[in-house]
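So the structure is just underneath, and the comments pick up after that.
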Amino acid sequence: MKTILHLCADIGSDSRYYSLDPQYQVIRIGEEIGVENYPENYPENYPENVHGIMCNPPCTEFSTAGYDRKCDIEKGMYLVNHCLRIIEETQPAWWVMENPARGTLHKHIGPPRYKYQPWEYGSPWTKHTALWGNFVMPEPLYTRWEDVPKNPHVYVRPSRPKPSLAVFHKNDIRHLPEYAWCADRIKCDADIRSLCSDGFAREFYRSNQ
Numbered sequence: 537m538k539t540i541l542h543l544c545a546d547i548g549s550d551s552r553y554y555s556l557d558p559q560y561q562v563i564r565i566g567e568e569i570g571v572e573n574y575p576e577n578y579p580e581n582y583p584e585n586v587h588g589i590m591c592n593p594p595c596t597e598f599s600t601a602g603y604d605r606k607c608d609i610e611k612g613m614y615l616v617n618h619c620l621r622i623i624e625e626t627q628p629a630w631w632v633m634e635n636p637a638r639g640t641l642h643k644h645i646g647p648p649r650y651k652y653q654p655w656e657y658g659s660p661w662t663k664h665t666a667l668w669g670n671f672v673m674p675e676p677l678y679t680r681w682e683d684v685p686k687n688p689h690v691y692v693r694p695s696r697p698k699p700s701l702a703v704f705h706k707n708d709i710r711h712l713p714e715y716a717w718c719a720d721r722i723k724c725d726a727d728i729r730s731l732c733s734d735g736f737a738r739e740f741y742r743s744n745q
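Just so you know, we're using the numbering used here here: the sequence shown kicks off at 537 and counts up by one.
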């Protein structure tokens, strides 16, 4: 059985398809445990052979959305550095770290390897996402927004041509069939806005075995 560590993960939308495959065990390290405490306080859950690592460190301190707020980069890098520590300690076959493409994480760990939009994998909205790491990037399913099957129930700002996951609210989960499996875990707006495109998660799983 191959082990996947999913760091800074509570819902686990990125690693969902690994969880569904009996050939994998997915260990999620979220807020309750904290990557900063792993594995010191949880040695029984620190396998000797880690096949892959997914990291979703909080993007708050790397955000460019609130220009009137001063970001605490040291605080933001705290969990990023612990993710990198675990990657270094375990030497997985592949690893990936995700953060918003318009954020400033690239200033601290270098440019991302890839960027993508959820609609390229069938989720009819935008969330420009950057990826760092050593992995195989899945080929997009769509190259033109016009070809993506649309969801008439999602909100589109009058000034924008496409809906954006960044403005979705927690109650919008009822209009998103691809997230029916985790609808009961969406407790706030940040939960829904952090979800990985289900199509991207599936294609990433297929490309990184």
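Even for Gly, the Cβ is constructed at its ideal location relative to N, Cα and C.
As the structure is a prediction and not an experimental result, all values here were calculated from the model.
Beta-carbon proximity list for residue i, same chain, < 8 Å, skipping 5 on both sides
{"i": "Tyr-614", "result": "Glu-572"}
{"i": "Leu-667", "result": "Val-632, Met-633, Glu-634, Pro-648, Arg-649, Tyr-650, Lys-651, Tyr-652, Met-673"}
N- and C-terminal bounds of the alpha helix (DSSP H) containing residue i
{"i": "Lys-643", "result": "642-645"}
{"i": "Gly-588", "result": "Here Gly-588 belongs to no alpha helix (DSSP H); instead the beta strand (DSSP E) covers 588-591."}
{"i": "Glu-714", "result": "Unbroken run through Glu-714: none, as it is neither H nor E."}
{"i": "Ala-702", "result": "No alpha helix (DSSP H) holds Ala-702; DSSP gives it neither H nor E."}
{"i": "Cys-726", "result": "According to the sequence shown, residue 726 is Ala rather than Cys. Where Ala-726 is concerned, the enclosing alpha helix (DSSP H) stretches over 725-729."}
{"i": "Ser-743", "result": "734-743"}
Coil, strand or helix - residue i by DSSP
{"i": "Met-613", "result": "helix"}
{"i": "Leu-541", "result": "strand"}
{"i": "Tyr-652", "result": "strand"}
{"i": "Leu-667", "result": "strand"}
{"i": "Pro-636", "result": "strand"}
{"i": "Gly-658", "result": "coil"}
{"i": "Ser-551", "result": "coil"}
{"i": "Arg-564", "result": "strand"}
Test item: CB-CB of residue i and residue j under 8 Å
{"i": "Leu-543", "j": "Ile-645", "result": "no"}
{"i": "Val-616", "j": "Met-590", "result": "no"}
{"i": "Pro-654", "j": "Phe-736", "result": "yes"}
{"i": "Pro-685", "j": "Pro-713", "result": "no"}
{"i": "Cys-718", "j": "Ser-549", "result": "yes"}
{"i": "Asn-592", "j": "Trp-630", "result": "no"}
Cβ-based neighbour list, residue i, same chain, cut-off 6 Å, excluding 5 preceding and 5 following
{"i": "Met-673", "result": "Tyr-650"}
{"i": "Ser-730", "result": "none"}
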